[in-house]
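Novice:
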Amino acid sequence: MVIHQIHDLSDSYIRDLLSNGLSKIDKLNPYAKNYHPEYQNTEGNLFSVLDKGRYAEGKGKYFILEDNSTYISSAGWNEYELDTSIALILTRMYTDTSYRMNYHITKYILPLILEEVKHYKHIWGTTNEYNKKIYNWFVREIGRAHV
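Here my numbering runs 824 ahead of the position in the sequence shown, where the first position is 1.
1) Of all the options S922, K851, F887, G882, which has the alpha carbon lying nearest to the alpha carbon of P935?
2) Is it right to say Y837 is buried, meaning 16 or more other beta carbons lie within 10 angstroms of its own, or is it exposed?
3) Between which two residues does the alpha helix (DSSP H) harbouring K885 extend?
4) Nearest to S909 by alpha carbon, out of G882, E940, K945, K931?
5) How would you write the range of the beta strand (DSSP E) that A899 sits in, first residue to last?
6) Measure the C-alpha to C-alpha separation of A969 and S872 and round it to an integer number of angstroms.
7) Candidates T894, R916, E890: which alpha carbon is nearest N902's?
8) Cβ atoms of L889 and H828: under 9 Å apart, would you say?
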């Protein structure tokens, strides 16, 4: 497995890896507009936010996990534009359906993100309302850390 760390889509290999992997998302799913490359001109789409500098060096980074040129999962972190003391983590997180429940984000990407944001005063995790499993995982892990 390889973890790519990027700030933009200037690398054509990375752009193709993301495009090929995320184009598998059913365009009828509510989250398709956030990830599917056909919606790259939609505000909030991963390709759009990468092109617009959300993950600019020193203010964020996006991580992509691949195995033998196959997209597995990705997630990023970025400084909150309204308050530079806050880092948003697990932004634009997605895992290919065939790799879910393998916890690749938790094992490989989350430790890198947490290391990079540890100097921020506040760290906010982001999940969509339909992603209750990751939310519950955080609640469980934070509870263990404070016992």
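Backbone N, C-alpha and C define an ideal beta-carbon position, used for all residues, glycine too.
Computed from a predicted model, the values in this text were never measured in an experiment.
Specialist: With the given structure in hand:
1) The residue with the shortest Cα to Cα distance from P935 is F887.
2) If you draw a 10 Å sphere on the C-beta of Y837, you find fewer than 16 other C-beta atoms in it, and that means exposed.
3) From DSSP, K885 is part of no alpha helix (DSSP H) but of the beta strand (DSSP E) over 884 to 891.
4) K945
5) 894 to 903
6) The predicted model places A969 with a pLDDT of 48, which falls under 50 and marks its position as unreliable; any figure quoted below should be read in that light. Roughly 36 Å between the two C-alpha positions.
7) A check of alpha carbon separations from N902 across T894, R916, E890 identifies R916 as the nearest.
8) yes
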